[in-house]
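Residue numbers (the working numbering): 10 to 777. Glycine is no exception: its CB is placed at the ideal position from the N, C-alpha and C atoms. Here's the structure, in structure tokens; my notes come after.
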């Protein structure tokens, strides 16, 4: 193949890792970044005692830079066991924010003749050049297998030079770490064509055809292996001198350098030039006069301009799902989109309880990018569309199979707008633990569920039942305005005075009307709180529920509580976990309000502390969601835990179908709001009931037969049953009728249809 391979044209530096002045290579790396270089590299010559250890230097430079990518030029693989190298690479990639590239070689490189002998002298394996290439190929296999941490299976590999017997995969790197191979040995070039992501060589002006000859071997091997040669980046180390007059190849003014390098781009497909120099003036002149001019000249000389972003490999493209125009993604989203073949896919495909396999995850960072994402979704109406903030909705609708997920996690800002009014602006991607921490220095808090990892967006458009609910109401009761992108891409602001009908709908049915990009809340003054956890005897589950419910209803509004129960286990006592928060810093008040809860049953254990609301919400994991399968849950609202309800709940618990039974208290300040003030209208309920089961049909049957008659309304964020009745339970007839009218106005074509969709017609149905 001749001509460009279609890669973005990039530039790097090749710095000597001198140990006599160790700050020098670090300073040169930082200067490379400041000058706009894409990459900084360091040699890895084991026979150079005057050099720093390259891997240690890479780690140090990663911590002293922010943007520039890092690589050895090249790593001597016989000195580094590949499994250990892979784990180290993944770790450094994570620590650097996805900036590591792996350039590997046999030790017999263009710049280090005799390197194999040096490897042997330092304790490495003694290999002939041909065997060294074979060993390098096995190293690439092992490194790739170890870096595929998205597969939890132990890594097994049996080669002539390397073996792994069930090694645990390392951490998942931050990005797909490309593997480049360095050298000119014909066997190595064929290996590049078969397996590598790039070929790194050094330009020798004495043999100008070496690059083209190397490309020919690589391309032939790639085609024989069923690969597109354009997947392989060609990287070239170059050196020269800047002078006022033209004196030879890469020896003259900047314009002469551009003239010399241009054929290597246009005719030989070089995608990366790495400047060999430790001279700052040479670095600066190349960056300012050669690199931009070469990009412009290449764009003029080629049939089409070179791309400005990195292209996905054929292996990644092969995993694309049908029905998605991946190559038509708006430029604003392309560099943040995640496809099934991307390294980030295992981090974003699933949510807290539901395993997913979406075809594309879009991660906008601004309202304008949200609008671009929705435009792309409108062009793919045949696919499911999930909207995700934190991914904790029990219903799990923020992932899907083969569809699109719009993840607003990057819209996560937290800002105080008016300290006197306690008015704050919060992005939908912020997590409640972060919100609590941000508000704590002001002595403020906002009721926000019971787990800090939950995203603001999903909870603040549904209702928001949390540890301060009985004292301060629901999360949506504190909402003063929202900014959102509508189905047609328009950006709207809604409050009591701006689009008030939309503001009414968002508070309880927000998933149906747009993607909120910012919330404005009026938060509460909340000081230290009492936080209690009790382990109580649940041998009499019906009696326990009745007594606990009565104690909660009789308690002052300062107290909000929840109870968790499970099925009885043979040979073990039945235990219920009761948790409660008291919005008070006075020990006597806290004890007085908690005592009735502690007295509802004999106790096995208890813990009561005075702490901050933020510390209670600091219970979130930063690990990505790795759920599998489908959650099975039912949920409902109830005014009182009557003996009849408690008896039915006890039967449900002993059925063997339910493994987790959870009741959270509401009531108190929640009841102060007019039921017609917003779409969530169940203001007479004192409790929220949820059960998780192992079998869909059996749970539905038992729930419908035993509990449904005692319940009035439901809370859709905890519901996984998609039958049409759930929508009519969630919204009373008058509320639902108004929502249908607004749906016709704001989303008549039903773009937002995958999370208990409200339809603009008279039919009551939901789309799974």
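Alpha carbon to alpha carbon, how far is residue j from residue i? Give it in angstroms, no decimals.
i, j, result
"residue 221", "residue 140", "25 Å"
"residue 422", "residue 606", "38 Å"
"residue 786", "residue 372", "Lying before the first or after the last residue shown, residue 786 is absent from the chain, which here runs from 10 to 777."
"residue 214", "residue 258", "7 Å"
"residue 758", "residue 508", "20 Å"
"residue 510", "residue 611", "50 Å"
"residue 104", "residue 354", "19 Å"
"residue 577", "residue 583", "5 Å"
"residue 546", "residue 585", "6 Å"
"residue 92", "residue 155", "6 Å"
"residue 460", "residue 552", "28 Å"
"residue 112", "residue 51", "10 Å"
"residue 121", "residue 81", "A caution first: residue 121 carries a pLDDT of 41, below 50, which makes its placement in the model too unreliable to give a value."
"residue 171", "residue 149", "11 Å"
"residue 662", "residue 516", "33 Å"
"residue 458", "residue 480", "14 Å"
"residue 339", "residue 345", "11 Å"
"residue 266", "residue 256", "11 Å"
"residue 633", "residue 675", "30 Å"
"residue 557", "residue 670", "14 Å"
So, are the CB atoms of residue i and residue j less than 8 Å apart?
i, j, result
"residue 263", "residue 302", "yes"
"residue 284", "residue 470", "no"
"residue 55", "residue 33", "no"
"residue 614", "residue 591", "no"
"residue 379", "residue 398", "no"
"residue 445", "residue 588", "no"
"residue 365", "residue 325", "no"
"residue 116", "residue 87", "yes"
"residue 45", "residue 296", "yes"
"residue 271", "residue 282", "no"
"residue 206", "residue 187", "yes"
"residue 691", "residue 646", "yes"
"residue 412", "residue 367", "yes"
"residue 657", "residue 708", "no"
"residue 489", "residue 453", "no"
"residue 499", "residue 492", "no"
"residue 408", "residue 359", "yes"
"residue 196", "residue 142", "yes"
"residue 226", "residue 199", "yes"
Residue i bridges to which residues according to DSSP?
i, result
"residue 252", "BP columns for residue 252 are empty, so no partner."
"residue 78", "48"
"residue 410", "366"
"residue 531", "432"
"residue 389", "Per DSSP, none; premise fails for residue 389."
"residue 540", "590, 618"
"residue 166", "173"
"residue 12", "Residue 12 is not bridged to any residue."
"residue 562", "For residue 562, which the question treats as bridged, DSSP gives no partner whatsoever."
"residue 440", "464"
"residue 320", "Its beta-bridge partners do not exist; DSSP assigns none."
"residue 851", "It is not possible to answer for residue 851, since the shown part of the chain is limited to 10 through 777."
"residue 281", "19, 244"
"residue 394", "413"
"residue 293", "According to DSSP, residue 293 bridges with nothing at all."
Counting only the same chain and skipping the five closest in sequence on each side, list residues whose C-beta sits under 6 Å from that of residue i.
i, result
"residue 644", "699, 723, 724, 727, 728"
"residue 110", "78, 80, 187"
"residue 616", "542"
"residue 673", "474, 571, 697"
"residue 651", "none"
Can you list, in chain order, the residues of its chain with a C-beta nearer than 7 Å to that of residue i? Leave out the 5 residues immediately preceding and following it.
i, result
"residue 620", "537, 538, 540"
"residue 487", "455, 530, 531, 532"
"residue 83", "53, 112, 113, 114, 118, 191, 209"
"residue 361", "400, 401, 634, 636"
Given residue i, which residues of its chain have a CB within under 8 Å of its CB, disregarding the five upstream and five downstream residues?
i, result
"residue 760", "383, 386, 387, 390, 394, 496"
"residue 17", "280, 315, 316, 317, 318, 319, 320"
"residue 678", "478, 479, 480, 481, 482, 486, 566"
"residue 329", "335, 348, 349, 350, 368"
**Request:** List in chain order: all unbroken beta strand (DSSP E) runs of 3+ residues lying wholly within the segment 350–382.
**Result:** Entirely contained in the segment 350–382, the beta strand (DSSP E) runs reaching 3 residues are, in chain order, 369–371.
**Request:** Taking only runs that begin and end inside the segment 179–261, name each unbroken alpha helix (DSSP H) of 4 or more residues, in chain order.
**Result:** 195–204, 219–233
**Asked** Along the chain, which unbroken stretches of the beta strand (DSSP E) at least 3 residues long are found entirely within the segment 445–507?
**Response** 488–494, 500–504
**Request:** Please list the segments of the alpha helix (DSSP H) lying wholly inside the segment 601–682, counting only runs of 4 or more residues, in order along the chain.
**Result:** 622–626, 652–662
**Prompt:** Where are the beta strand (DSSP E) runs, 3 residues long or more, that stay fully inside the segment 16–67, in chain order?
**Reply:** As far as the segment 16–67 is concerned, its whole beta strand (DSSP E) runs of at least 3 residues are 19–24, 48–51.
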